[in-house]
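Under my numbering, the letters of the sequence shown match residues 35 to 327, in that order.
Don't be surprised by glycine CBs; every beta carbon is placed ideally from N, CA and C.
Just so it is clear, the structure is predicted and the values come from calculations on it, not from any experiment.
Please read the structure below before turning to the comments.
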Amino acid sequence: MSNNVLLRFTLLAAIWGSSFLFMRILAPVVGGFWTAELRLTIGALTLLILGLLRGHRFDLQYWRHYAMAGLLNCAIPFTLFGLAGQVLPAGYSAVLNASAPLWATVFGVLFMKDTFTPQGLLALLLGVSGVTMVAQPSGNVDFSLAFISGVLACVCATACYALNGIYIKTRSVKLEPHTIATLSQAFGALMLLPFTLSLSPTVGSVTPAVVISAFSLGALCSGVAFLLYYRLLSEIGPLILSGVTFLIPLFGIFWGWLILNERLDWHVFMGCGLIISGALLLYRSHIIIQKAK
């Protein structure tokens, strides 16, 4: 991996890690549903404008697949993370986000006739142990139903990401990256619109930080980051690029500490280590299988 690629790889992790910071600032002010709606709408418009400026053609032939991706990869998980952002520190959500590869293993066994290997079982055990450790309040977070609901929302959101990966992988058609990134967010925004319009935003004090967070979450984390992701995908492939998952929690914790002065107890860092270890074990085993082929 060249220095240029490594720099962009790290930048992608830093951008996606910052999404938990922006949600933590935005969600308590406008609510979880409006956080997701703003993110998807601004993200889709950003990608649409950038695509049109580059002369990209958006083919609607596979709109059903884009709509399903919009549901599983955008509307549901973004809403769940938005709801979690109302009660959980940014670092908590970022750590729990790293459990997505573990869900992918479970769903691969359930829906794609994969089999559990010893490495897979160990990875799952590490991941579950890590989530259990994170699902304990630290000194600045009270143990409550809201806290548990936030943790469950994050876990369910990562399960949706894994389900979307299974869905896309089992489709016989090849979906163009820029198109699916743009239209999945557009469909996700449309799906959420009836719910967001029926729920008045719980608008608190709208500060410059809130406005900046809304536009950064959409334009940067769901717009520019997708373009960066797909460019890296074409250069280093999906297997190596999936390693970005391991850096996102570290950046999520860092941004929360730097901007919001979050302080996380030792059990969160230990849980983070267990989750990342489980995901890394799956990652390494997949690389070995790939090389063997």
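* To do: Please state whether DSSP places Asn37 in a helix, a strand or coil.
  => Numbered from 1 along the sequence shown, position 3 holds the residue referred to as residue 37. Helix at Asn37.
* **Rounded Cβ spacing between Pro135 and Ala243 (contact assumed at less than 8 Å)** => Along the sequence shown, one-based indexing puts residue 135 at 101. Along the sequence shown, one-based indexing puts residue 243 at 209. Their Cβ separation, rounded to whole angstroms, is 32 Å, which puts Pro135 and Ala243 out of contact at 8 Å.
* To do: Just the C-alpha distance for Val63 and Asp148, rounded to the nearest angstrom, thanks.
  => Along the sequence shown, read from residue 1 onward, the residue named residue 63 stands at position 29. Along the sequence shown, read from residue 1 onward, the residue named residue 148 stands at position 114. Spanning the two alpha carbons is a distance of roughly 43 Å.
* Close beta carbons around Ala48, own chain, < 6 Å, minus the five adjacent residues each side -> In the sequence shown, counting from the first residue as 1, residue 48 sits at position 14. Excluding sequence neighbours, Ala48 sits near Phe285.
* To do: Assign Trp300 to buried or exposed, taking buried as 16 or more other Cβ atoms, counted over all protein chains shown, within 10 Å of its Cβ.
  => Residue numbering aside, residue 300 sits at position 266 when the sequence shown is read from its first letter. Result: exposed.
* Compute the Euclidean distance between the alpha carbons of Phe249 and Ser163, then round it to the nearest angstrom. => For this step, residue 249 is matched to residue 215 along the sequence shown. For this step, residue 163 is matched to residue 129 along the sequence shown. In a straight line, the C-alpha of Phe249 is about 36 Å away from that of Ser163.
* Spell out whether any CB of chain B is found under 9 Å from the CB atom of Leu82. => In summary, chain B is missing from the structure at hand, where a single protein chain is found.
* Excluding the five sequence neighbours on either side, which residues of its own chain have a C-beta within less than 6 Å of the C-beta of Phe112, listed in chain order? -> Here residue 112 corresponds to residue number 78 of the sequence shown, with the count starting at 1. If we look at Phe112 and ignore the five residues flanking it on each side, its Cβ neighbours are Ala70, Arg73.
* Asked: Glu296 by DSSP, collapsed to three states: which one?
  -> Against the sequence shown, residue 296 aligns to sequence position 262. Reduced to three states, the DSSP call for Glu296 is coil.
* Exposed or buried, which one is Asn37 when buried takes at least 16 other CB atoms within 10 Å? -> Here residue 37 refers to the residue found at position 3 of the sequence shown. By the 10 Å Cβ count, Asn37 comes out exposed.
* **Integer-rounded CB distance, given that Ile214 should sit under 8 Å from Tyr100** => To locate residue 100, count along the sequence shown from 1; it is residue 66. To locate residue 214, count along the sequence shown from 1; it is residue 180. Going by Cβ atoms, the distance from Tyr100 to Ile214 rounds to 6 Å, so yes, they are a contact pair.
* May I ask you to verify whether the region 184-199 touches the region 131-145, counting CB pairs closer than 8 Å and requiring at least 3? => yes
* To do: For Gly307, I'd like the list of residues in its chain whose CB is within less than 8 Å of its CB, leaving aside the five on either flank, ordered along the chain.
  => Residue 307 sits at position 273 when you count from the first residue of the sequence shown. These residues qualify, in order along the chain: Gly164.
* To do: Look up Arg91 in the DSSP assignment and say whether it is helix, strand or coil.
  => Residue numbering aside, residue 91 sits at position 57 when the sequence shown is read from its first letter. Residue state, collapsed to three classes: coil.
* Is Pro283 helix, strand or coil when you go by DSSP? -> Numbered from its first residue, the sequence shown carries residue 283 at position 249. Here Pro283 sits in helix by DSSP.
* Asked: Which residues in the same chain as Met225 place their Cβ atom closer than 7 Å to its Cβ, once the five residues preceding and following it in sequence are excluded?
  -> Locating residue 225 in the sequence shown gives position 191, counting from the first residue. Excluding residues within five positions, the ones whose Cβ falls inside 7 Å are Gly104, Leu105, Ala109.
* Is the CB-CB distance between Cys188 and Ala138 below 9 Å? -> Mapped onto the sequence shown, residue 188 falls at position 154. Mapped onto the sequence shown, residue 138 falls at position 104. No; because the gap between Cβ atoms is not below 9 Å, this pair is not in contact.
* Asked: Does the beta-carbon distance from Leu251 to Ser127 come in below 9 Å?
  -> As a position in the sequence shown, residue 251 is number 217, starting the count at 1. As a position in the sequence shown, residue 127 is number 93, starting the count at 1. No; because the gap between Cβ atoms is not below 9 Å, this pair is not in contact.
* To do: Determine the direct distance from the alpha carbon of Gly154 to that of Leu315, and round the result to whole angstroms.
  => Position 281 of the sequence shown, counted from the start, is the residue given in the question as residue 315. Position 120 of the sequence shown, counted from the start, is the residue given in the question as residue 154. Distance between the alpha carbons of Leu315 and Gly154 is about 8 Å.
* **CB of Trp291 within 9 Å of CB of Leu298, strictly** => Locating residue 291 in the sequence shown gives position 257, where the first residue counts as 1. Locating residue 298 in the sequence shown gives position 264, where the first residue counts as 1. Yes, Cβ-Cβ distance for Trp291 and Leu298 is below 9 Å.
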